[in-house]
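**Student:**
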Amino acid sequence: MSKADNLASLLNSSGLLESDDIGTDAITASKLNIGQIGGRRNLIINGAMQVAQRGTTVSGGTGSSSYGLDRFIFEGTDYPITTQVTHSNSQITDGNRNALKISTTGTAIGTAQVSQRIERETFRHTIGQTVTFSCLVKRNSSNVTGGTLRMIASVNLNNPYVLRGLESNFPSHTVTETLVTGVQNIPTDYTRYTASFTMPAGANTTDILEIGLSFFEFTGAGATEDLFSISEMQLELGDTATPFEHRSYGEELALCQRYYQKYSIIDATSVFFSGVAVTASQVRASIRAYGGLMRDEPSIYVPTTVNVKGNGSSVAVISVAASSSEGGGHAFNFNVATNAIDLDHVYYITGREDGGAFELDAEL
Amino acid sequence: MSNYTDVKYVEDEDGNTVGVSYTNGSRLGSAPVGHRYYQEIMDLVEAGELTIEPAD
Chain A
0 MSKADNLASL
10 LNSSGLLESD
20 DIGTDAITAS
30 KLNIGQIGGR
40 RNLIINGAMQ
50 VAQRGTTVSG
60 GTGSSSYGLD
70 RFIFEGTDYP
80 ITTQVTHSNS
90 QITDGNRNAL
100 KISTTGTAIG
110 TAQVSQRIER
120 ETFRHTIGQT
130 VTFSCLVKRN
140 SSNVTGGTLR
150 MIASVNLNNP
160 YVLRGLESNF
170 PSHTVTETLV
180 TGVQNIPTDY
190 TRYTASFTMP
200 AGANTTDILE
210 IGLSFFEFTG
220 AGATEDLFSI
230 SEMQLELGDT
240 ATPFEHRSYG
250 EELALCQRYY
260 QKYSIIDATS
270 VFFSGVAVTA
280 SQVRASIRAY
290 GGLMRDEPSI
300 YVPTTVNVKG
310 NGSSVAVISV
320 AASSSEGGGH
330 AFNFNVATNA
340 IDLDHVYYIT
350 GREDGGAFEL
360 DAEL
Chain B
0 MSNYTDVKYV
10 EDEDGNTVGV
20 SYTNGSRLGS
30 APVGHRYYQE
40 IMDLVEAGEL
50 TIEPAD
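Okay, here's the thing in structure tokens:
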């Protein structure tokens, strides 16, 4: 019997070859752990929309980008149509899945974009190779129509600090793939859209990748309305969209905190950081960020109602100033009134009332 | 949309500009040179919509 006959004898009545027919333990996990199907495939952080340190609803203005759910930038624009539109970025729970929801508090006309910026060191191994983007999308409104749903990817953001999330601002080294023509044709149940492309090299070694979805120049009659939901966003090496790679909440949170961290003030007695008075009006505190140093020197936000407390005094912080990394932490100067504190004494940075938060931001 | 007030340069001990400090609504903030907030403030300055005070 020829080898061909041997193989043919293994086919079942449907003409298929079952793994058990090949032999016991013929297909093992080690043999599956090759190439694209191996673990750690997804280059998108928080693709399952689990982490929302900034809150589950973040509103953004017209024509400007904002960070909403962790690592995701969203932007609503009137370009090139002049009708005002404001989009918000919300986390919703839909069955067993979290999703990023785009909604509007105005008449939805224009473009809405949700994207993520990825450091070059994270995607450099994919340059010149085929990568595949995949994402679940569903339509929540019966009023939206026209336009297109697109995947956009650009690696030409050679100044990563300037927010220019809109595809109209991507000058070159940009890939655009139309996923749906007419947003009214996006089903109201989740549908997985995929697009494969060759990762461009960009023009500079400091370029970052921005990739995501653009609901491009659609129209809608509704106001204050849910428009679309997005979940399970993935970018992977290879020409095939494999099943979404779930990571634990803890893993995703740690990945997100490399870029943004938030310390909520529970009550007026919350103590956050300790530092030393380097002058009679300034405490320098080295903040030990979760998970070690962040991606880069972060900016800081603190409520206007924080105090420097210690050595028998409690005085209001009147300004805060970024300093530099030292001693394994990110250093900041907390300024108080002249001669309000004693040089070389240790003080704590505390909340003065309930609510508010300290925020460290090293996003791209 | 960000609403920066009380914007001042931040200098290190050697007098080098290392960032800006500001108030934004009910928050005190500061961003190092190169940060996107720093760039955003510089863009507002260039557009004539904001001025930065010298460092204290």
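Residue numbers (numbering that gives the first Met the number 0), protein chains in the order written: chain A, 0 to 363; chain B, 0 to 55.
Cβ atoms here follow ideal geometry from the backbone N, Cα and C, with glycine treated the same way.
What you are looking at is a predicted structure, and each value in this text was computed from that prediction instead of being measured.
#1: Which class does Asp-19/A belong to by DSSP, given the choice of helix, strand or coil?
#2: Can you give the beta carbon distance from Glu-362/A to Tyr-289/A, rounded, assuming they're within the 8 Å contact cut?
#3: Here's a check: name, in chain order, each residue in its chain whose Cβ is nearer than 6 Å to the Cβ of Tyr-36/B, leaving out the five neighbours to either side.
#4: List the residues of chain B whose Cβ lies closer than 8 Å to the Cβ of Ile-72/A, in chain order.
#5: Between the Cα of Ala-330/A and the Cα atoms of Ala-339/A, Asn-338/A, Ala-320/A and Ala-336/A, which residue gives the shortest distance?
#6: Looking at Arg-287/A: is its Cβ nearer than 8 Å to the Cβ of Gly-274/A?
#7: Between Ser-141/A, Pro-302/A, Arg-294/A and Thr-125/A, which lies nearest to Leu-226/A when the distance is taken from Cα to Cα?
#8: Going by DSSP, what residues sit across from Phe-243/A in a beta bridge?
#9: Which chain B residues are close to Tyr-300/A, counting only those with a beta carbon under 8 Å from its beta carbon?
#10: Hey, is Ser-114/A's beta-carbon within less than 8 Å of any beta-carbon in chain B?
#11: Between the region 293-320 of chain A and chain B, which residues of the former have a C-beta closer than 9 Å to a C-beta of the latter?
#12: Would you mind telling me which residues of chain A sit closer than 7 Å to Val-44/B, beta carbon to beta carbon, in chain order?
#13: Any beta carbon of chain B sitting closer than 8 Å to that of Ser-58/A?
#14: Should Arg-133/A and Arg-191/A be called a contact, given that it needs their Cβ atoms to be closer than 8 Å?
#15: Hey, out of Ile-151/A, Ile-299/A and Leu-292/A, whose CA is closest to Leu-254/A's CA?
#16: Indicate whether at least one CB of chain A lies closer than 8 Å to the CB of Pro-53/B.
#17: Applying the criterion that 16 or more other CB atoms from any shown protein chain within 10 Å of the CB defines a buried residue, is Ile-26/A buried or exposed?
#18: Determine the contact status of Thr-121/A and Thr-147/A, defining contact as a CB-CB distance below 8 Å.
#19: Give me the subset of the region 31-42 of chain B whose CB atoms are less than 9 Å from a CB atom of chain A, sorted by chain position.
#20: The alpha helix (DSSP H) with Val-44/B in it runs from where to where?
#21: Based on Cα-Cα distance, which residue from Ala-194/A, Ile-185/A and Asp-188/A lies nearest to Thr-175/A?
#22: Quick check on this structure: which residue in Thr-125/A, Ala-336/A, Gln-112/A and Gly-22/A has the alpha carbon closest to the alpha carbon of Ser-313/A?
#23: Hey, Ile-372/A and Leu-208/A: beta-carbon distance below 8 Å or not?
**Tutor:** In terms of the structure at hand:
#1: helix
#2: Their Cβ separation, rounded to whole angstroms, is 15 Å, which puts Glu-362/A and Tyr-289/A out of contact at 8 Å.
#3: Ala-30
#4: What Ile-72/A touches in chain B: nothing, since even the nearest Cβ is about 11 Å away.
#5: Ala-320/A
#6: no
#7: Ser-141/A
#8: Answer by DSSP bridge pairing: none, since Phe-243/A is not bridged.
#9: Asn-23, Arg-26, Leu-27 and Gly-28
#10: no
#11: Taking a C-beta cut-off of 9 Å against chain B, the contacting residues of the region 293-320 of chain A are Asp-295, Glu-296, Pro-297, Ser-298, Ile-299, Tyr-300, Val-301, Pro-302, Thr-303, Thr-304, Val-305, Val-316, Ile-317, Ser-318, Val-319 and Ala-320, listed in chain order.
#12: From the beta-carbon of Val-44/B, no residue of chain A is found nearer than 7 Å; the closest lies around 14 Å away.
#13: no
#14: Here residue 133/A is Ser; the residue named in the question, Arg, does not match the sequence. Yes, the pair counts as a contact, with Cβ atoms nearer than the cut-off.
#15: Leu-292/A
#16: Answer no: the Cβ-Cβ gap between Pro-53/B and chain A never drops below 8 Å.
#17: exposed
#18: no
#19: Pro-31, Val-32, Gly-33, His-34, Arg-35, Tyr-36, Tyr-37, Gln-38, Glu-39 and Asp-42
#20: 35-45
#21: Ala-194/A
#22: Ala-336/A
#23: No answer is possible for residue 372/A: it lies beyond the span of chain A, which begins at 0 and ends at 363.
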